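Chains as they are written, first to last, in this note's numbering: chain Z, 4 to 504; chain H, 4 to 504. Glycine included, every Cβ here is placed at the ideal spot set by N, Cα and C. Being a predicted model, the structure only gives us computed values, none of them experimental.
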C-alpha cells in the first residue's frame with residue numbers, strides 16, 4: 004500500500020493558497036479547463052453538488068410563489084442599447100454572434116459564410132434583464148397581472164479576461180430571478196425577501212456564514228437602484244460575494260416599457276427586481292470548508308453522505324465482506340436525513356485500499372466506513388468523519404446506523420460553527436485610515452474591517468490604491484455615529500471592507 | 004357568466020390543424036415567440052411540463068448508471084472540421100461567434116469591436132459530440148476507465164429556416180447522452196438500452212405510443228453508424244421522431260482521438276454513442292392528446308393533477324366554501340399517485356367562473372372539481388375529467404378522495420389506449436407503389452404505411468417526390484420475404500413510411 008502523503012493536497016493552504024484551490028478542484032474531480040478559453044467542464048462530482056444546490060434553491064423559490072420559465076439565449080444588440088447604465092456595465096465583454104452559417108473556406112476548412120451575416124448582431128446573454136423585460140412588457144397589462152415572479156435556470160457568458168474555475172469563468176450556470184411589481188414597496192420587499200432566502204440557503208444548507216448587506220454605489224449592479232448581497236469570508240480572509248438581489252426601481256421598466264393600468268385607471272411603469280446565484284457558490288463552498296486533504300462537504304450538499312469501503316485479501320473473504328457491506332448500506336439507506344434517505348455509496352472497485360480511501364477523502368464525503376473480516380466478527384465498523392480527520396474509530400454497527408442522521412447533523416453544524424469562528428477571528432472594527440492601511444498591508448493576514456465611511460469618489464480612490472473593496476453595509480448593523488475614516492465626514496453606520504474575489 | 008363557446012380552441016383540428024396547434028399552445032399558456040428570430044419563450048405552464056419530463060428521465064438515466072456533467076456552450080470551429088460527415092450534416096446552419104466585445108458605434112449605438120475579433124470563430128453548440136469527445140480523449144486512458152456514461156441537460160442552437168414552437172426552434176432545450184465503451188458490442192447494447200428507455204418514457208409517462216426502429220441510411224445522424232429512434236404518430240397522421248439513440252462506431256473516437264490501453268496492452272480506439280430527447284416532446288405530447296378544447300395532459304406529467312374551483316355568490320358564502328375547498332385540497336394531497344403526493348391547485352382568483360373553468364380546460368389539467376354551497380350541504384363535489392369532457396358528475400367527496408389515485412391511473416391509461424387506437428386505425432400494410440401513392444395522395448388522410456423496401460437512392464428519389472419519409476425499420480418486426488415497392492428488388496423486412504414533422 005502506498006504510504007499516504009502527509010497531506011493529500013499539495014501545496015497546502017499556507018504554502019500557496021491559489022494553487023491549493025486548483026489542486027482541491029482536481030483532487031475532488033469537480034471540474035477541469037476545457038478547450039474553449041475561459042470555459043470549464045463541470046465533472047460529475049462537481050455537477051452533482053450543483054444539482055443538490057439547485058434542488059434546494061428551486062424548492063425555496065417555489066415555496067415563495069416563484070415559477071420557472073425559459074427565455075432566449077440570445078439578446079438583440081439593440082436591446083442592450085436601451086438602458087444606458089446597464090450597457091455601460093455589461094455590454095463590453097461578451098460573445099457576439101454575427102453569422103448564421105459556415106461554409107467551406109476552399110482550403111479544406113470552414114469559415115463564417117459572408118452571405119449569412121446577421122442584420123443585427125446577437126449577444127449571448129450575460130444576464131437577461133433586457134430580453135426578459137421585453138417579454139414582461141407583453142405580459143403585463145393590468146395591475147391584476149402583478150406581481151410576476153419568475154425564475155430561470157440558465158447558462159450565461161461574460162468574456163472575462165482572467166478566469167478561475169467556478170469563481171470567474173466565461174460561461175457559467177446560474178439562476179436569475181426576475182419579478183415585476185405594482186409598487187416600489189412591493190419590489191423592495193421582494194428584493195429583501197430574496198436576500199434572506201439566499202442567506203438562509205448559504206448558512207443552513209452550505210454551512211457558510213454570510214453578512215447580509217447593501218452595496219455601495221460603486222459596487223451596485225449596472226442599472227440597479229439598490230443592490231443587496233450576501234458576503235462570505237474565505238479561509239484566506241478574502242471576501243466572496245455569494246449572491247445578489249437587485250431593486251431595479253423603474254429603470255428597466257422604462258427602458259423596456261413595462262407599463263400597466265393601475266387600479267385607479269392610470270397607465271404607469273412597473274417596478275422590477277432581479278437576483279441570482281451561480282456555480283460560483285461551489286468555489287465559495289470549497290474555500291469555506293476544504294482543508295489540506297481536499298474538499299470537505301456539508302452533508303446537506305454531499306452527493307454521498309457515506310462511503311463504505313470493503314477491505315478483504317482474497318475471494319473467500321470478499322463474499323462475506325461484500326454481503327455485510329451491502330446489508331449495512333441498505334440499513335443506512337433506510338434512515339432519513341434532511342427529509343430524504345441517507346445517500347450511501349459502496350465502493351468495491353479493484354483499487355488499492357489507500358488509493359481508494361484518499362480519493363474519497365479528497366472528494367469530501369462526510370463519513371467513511373471501512374469494513375474488514377475482523378470488524379464483521381466483532382460487529383463493528385471503522386468509522387471516520389471527514390470534518391475531524393485523524394484515525395478511524397471502531398464503533399458498533401448498530402449504533403452507527405441508529406445515530407447516522409444525528410451524526411450528519413452534527414457534521415453540518417460543526418462546519419458552520421468552524422466557519423463562523425474563523426470569520427469572527429478575522430473581523431475587526433477599525434477607526435482610522437492608518438489602522439486600516441496596516442490591517443490590509445501586503446504582508447498582513449487581512450480580514451473583514453467594519454469602518455465608518457461616507458460613500459463617494461474620495462473613498463473609492465483610496466480603496467482602489469489598497470486593493471480593498473467596500474463589501475456592503477450590513478442590514479442588521481446598529482446605527483452609530485462616527486467619522487468616515489477616509490474623509491473625516493460624519494457617518495451614521497459602519498460598512499464592511501475586505502479584499503475580495 | 005359568459006356562454007362557453009362550442010369549442011375552446013378555434014380553429015378546430017379538422018378546420019386547420021397547424022393553426023389549431025398554435026392556438027392550443029396559446030390557450031394553454033405553454034410558450035410564445037420571442038423577439039429573437041426562431042427562439043421561443045417557454046412560459047411557466049410549459050416549463051413545468053418540461054421539468055416533470057426532466058425529473059422522470061433524469062431518474063431513469065441515473066438508475067441505469069449515468070451521471071450528469073456540463074460541457075462548454077461553444078465549440079471551436081476547427082473541432083467541427085474533424086469529422087467530415089458530421090460537419091456536412093451539422094455545421095451549415097449555426098450561430099457563429101466572431102467577436103468578444105461591443106463598442107460605441109459613434110452614433111449612440113453599439114457595434115462589434117473590430118479590435119476584438121476572435122482568432123478562431125466559436126460555434127454555439129448544435130450538438131456536443133465534438134467538444135465532449137475532445138474531453139473524453141483526456142478522461143480515457145485505460146480499459147479500467149470504461150465505460151463512461153455521461154448525460155448533459157443543455158440548450159442547443161440550430162439555425163432553422165422555418166420554425167414552429169417546440170417542434171423546430173432555433174434554440175431548444177434537451178438532454179444529450181454521450182458514452183464511451185471498450186467494445187462495439189457494449190456500445191451497441193447501450194444504444195439499444197437507451198432506445199428502450201425512451202420508449203418506456205414515451206409510452207408509460209407521456210402516454211404516447213411509439214414504434215422503436217432503426218433509421219435508413221438517408222435519415223441517420225451525420226457521423227453515426229446506426230441511428231435508432233422512437234416514432235410517434237400525431238393526430239393529423241403525420242409521424243414525429245421523438246427521440247434518437249446513435250451508435251457512432253469509432254467515427255468520433257477516431258476524429259477526436261479517444262484511445263485506451265486494452266487489457267492486452269494495445270492502444271485502441273474506443274466506441275461511442277450519443278442520444279437525446281428535447282423540448283420537441285412537448286409538441287408531441289400536445290399533438291397526441293390535445294383536443295378542440297385545448298391541451299389534455301397525462302397525469303404523470305401534469306403540473307397539477309386536480310384543480311379545485313370554489314363557487315360562491317358573496318362573502319358570507321365565501322368563508323365556508325373556501326374552508327371546505329382547503330380541507331378537500333389537504334385530503335387530496337395526502338393521497339399518493341405515481342410515487343408522490345397528488346398535486347392540487349386551489350384557484351380562488353377573482354375571475355368569472357366560466358372564464359376560470361375554461362382556462363383550466365385549455366391547460367389540460369386532468370381533473371376539475373367545482374364546489375359551491377349546495378355541494379357542501381350534500382357532501383358532494385362537481386367532478387370533471389378532462390379526457391372525457393361533457394358535464395360534471397356530482398360525486399361523494401369521500402369517494403373522490405379515496406379513488407383519486409385510481410382515477411388518475413385510469414386517465415393515464417385511457418389517453419394511452421386512445422392514442423394506440425388512433426394510430427392503429429391509421430396503420431396499413433402496402434404492397435405496391437400505386438397503393439402507396441394513393442395512400443399518401445394530397446387529399447388522402449395518410450398514416451403509417453408498412454412496406455417492403457430496399458434502402459437506396461432510387462427509393463429516396465421517389466419518396467422525396469411524394470414528400471414521404473422512411474421513418475424506421477421496426478426492431479420488433481418479423482422477418483418476411485417480399486419485394487421492394489419502389490424497385491421490385493428482394494426485401495427481407497418491412498419499414499414504416501409516413502409524412503413527418
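(message) Comparing C-alpha positions only, which one of H:280, H:257 and H:281 sits nearest to residue 272 (chain H)?
(response) H:257
(request) Report all residues from its chain with a CB closer than 7 Å to the CB of residue 76 (chain H); omit the five preceding and five following residues, and keep chain order. (result) Setting aside the 5 residues that flank it on each side, residue 76 (chain H) is surrounded in the same chain by 127 and 128, each with a C-beta closer than 7 Å to its C-beta; the list follows chain order.
(message) Between the alpha carbons of residue 321 (chain Z) and residue 473 (chain H), how many angstroms are there, rounded?
(response) Whole-angstrom Cα-Cα distance: 53 Å.
(request) Please state if the CB of residue 335 (chain Z) and the CB of residue 228 (chain Z) are separated by a distance shorter than 8 Å. (result) no
(message) So if I threshold CB-CB distances at 7 Å, which residues from the stretch 69-85 of chain H count as touching chain Z?
(response) Against chain Z - using a Cβ distance shorter than 7 Å - the residues of the stretch 69-85 of chain H are 70, 71, 72, 73, 74, 75, 76, 77, 79, 80, 83 and 84.
(request) Using the Cα positions of residue 213 (chain H) and residue 68 (chain H), report the straight-line distance between them to the nearest angstrom. (result) 24 Å
(request) Taking C-beta pairs closer than 7 Å, name the residues in chain Z that residue 102 (chain H) reaches, listed in chain order. (result) Per Cβ cutoff of 7 Å: 99 and 101.
(message) For residue 250 (chain H), tell me which candidate among H:205, H:316 and H:181 has the shortest Cα-Cα distance.
(response) H:181
(message) Suppose you measure from the CA of residue 371 (chain H) to the CA of residue 51 (chain Z); what does that come to, to the nearest Å?
(response) The straight-line gap from Cα to Cα measures roughly 38 Å.
(message) Measuring only the C-alpha atoms, how far is residue 439 (chain H) from residue 423 (chain H)?
(response) For the pair residue 439 (chain H) and residue 423 (chain H), the Cα-to-Cα distance works out to about 22 Å.
(message) When you compare the CB of residue 162 (chain Z) with every CB in chain H, is at least one pair closer than 8 Å?
(response) yes
(message) On the CB-based measure, 16 or more other CB atoms within 10 Å of its CB, does residue 81 (chain Z) come out buried or exposed?
(response) exposed
(message) Give me the chain H residues within the contact set of residue 47 (chain Z), using Cβ-Cβ distance strictly less than 9 Å, ordered along the chain.
(response) 70, 71, 72 and 153
(message) Please state the DSSP three-state secondary structure of residue 230 (chain Z).
(response) Note: residue 230 (chain Z) maps to strand in three-state DSSP.
(request) Please work out which residues of its chain come closer than 7 Å, Cβ to Cβ, to residue 20 (chain Z), disregarding the five sequence neighbours upstream and downstream, and give them in chain order. (result) The beta carbon of residue 20 (chain Z) is closer than 7 Å to those of 239 in its chain, skipping five residues each way along the sequence.
(message) Per DSSP, what are the beta-bridge partners of residue 72 (chain Z) in this structure?
(response) Under DSSP, no beta-bridge partner is assigned to residue 72 (chain Z).
(request) Keeping to the same chain, check which residues put their C-beta closer than 6 Å to that of residue 286 (chain H); ignore five residues upstream and five downstream. (result) 169 and 170
(request) Could you work out which residues of chain H lie near residue 349 (chain Z), taking near to mean beta carbons separated by less than 7 Å? (result) Ordered by position in chain H, no residue passes the 7 Å Cβ test against residue 349 (chain Z), which lies about 14 Å from the chain.
(message) Measuring CB atoms only, is the stretch 152-172 of chain H touching the stretch 105-123 of chain H, in the sense that at least three cross pairs come out at less than 8 Å?
(response) no
(message) Let me see if you follow: with CB-CB separation under 8 Å, is residue 96 (chain Z) close to chain H or not?
(response) yes
(request) Output, in chain order, the set of chain H residues within a Cβ distance shorter than 7 Å of residue 112 (chain Z). (result) 84
(request) Could you tell me whether any Cβ in chain H is nearer than 8 Å to the Cβ of residue 138 (chain Z)? (result) Judged by the 8 Å Cβ criterion, residue 138 (chain Z) is in contact with chain H.
(request) Note down the Cα distance separating residue 236 (chain Z) from residue 379 (chain Z), rounded to an integer number of angstroms. (result) 44 Å
(request) Would you kindly work out how many angstroms separate the C-alpha atoms of residue 4 (chain H) and residue 357 (chain H), rounded to a whole number? (result) Because residue 4 (chain H) carries a pLDDT of 47, less than 50, the predicted location of this residue cannot be relied on, and the following value inherits that uncertainty. C-alpha separation (whole angstroms): 6 Å.
(request) Output yes if chain Z places a C-beta closer than 8 Å to the C-beta of residue 146 (chain H); else output no. (result) no
(request) Closer than 8 Å by C-beta to residue 44 (chain H): which residues in its own chain qualify, once you throw out the five before and the five after it? Chain order, please. (result) 34, 35, 36 and 37
(request) Check distances from the C-beta atoms of the stretch 20-45 of chain H to those of chain Z and list, in chain order, the residues that come in under 7 Å. (result) 37, 38, 39, 42, 44 and 45
(message) Quick check: residue 374 (chain Z) and residue 313 (chain Z), are their CB atoms within less than 8 Å of each other?
(response) Cβ distance < 8 Å, so residue 374 (chain Z) and residue 313 (chain Z) count as in contact.
(message) With a threshold of 8 Å between beta carbons, is residue 171 (chain H) in contact with chain Z?
(response) no
(request) Report the residues of the stretch 179-197 of chain Z with a CB closer than 7 Å to any CB of chain H, ordered along the chain. (result) none
(message) From the DSSP secondary-structure annotation, give me the bridge partner or partners of residue 452 (chain H).
(response) H:431 and H:500
(request) For residue 449 (chain H), count neighbouring Cβ atoms within 10 angstroms of its own Cβ and tell me buried if that reaches 16, exposed if not. (result) It counts as buried.
(message) Would residue 158 (chain H) pass as an interface residue toward chain Z - the criterion being a Cβ-Cβ separation below 8 Å?
(response) Output row for residue 158 (chain H): interface = yes.
(request) Pull up the distance between the alpha-carbon of residue 347 (chain Z) and that of residue 412 (chain H), whole angstroms please. (result) 33 Å
(message) Going by beta-carbon coordinates alone, are residue 496 (chain Z) and residue 486 (chain Z) separated by less than 8 Å?
(response) No. Outside cutoff.
(message) Measuring CB atoms only, is the stretch 257-269 of chain H touching the stretch 14-29 of chain H, in the sense that at least three cross pairs come out at less than 8 Å?
(response) no
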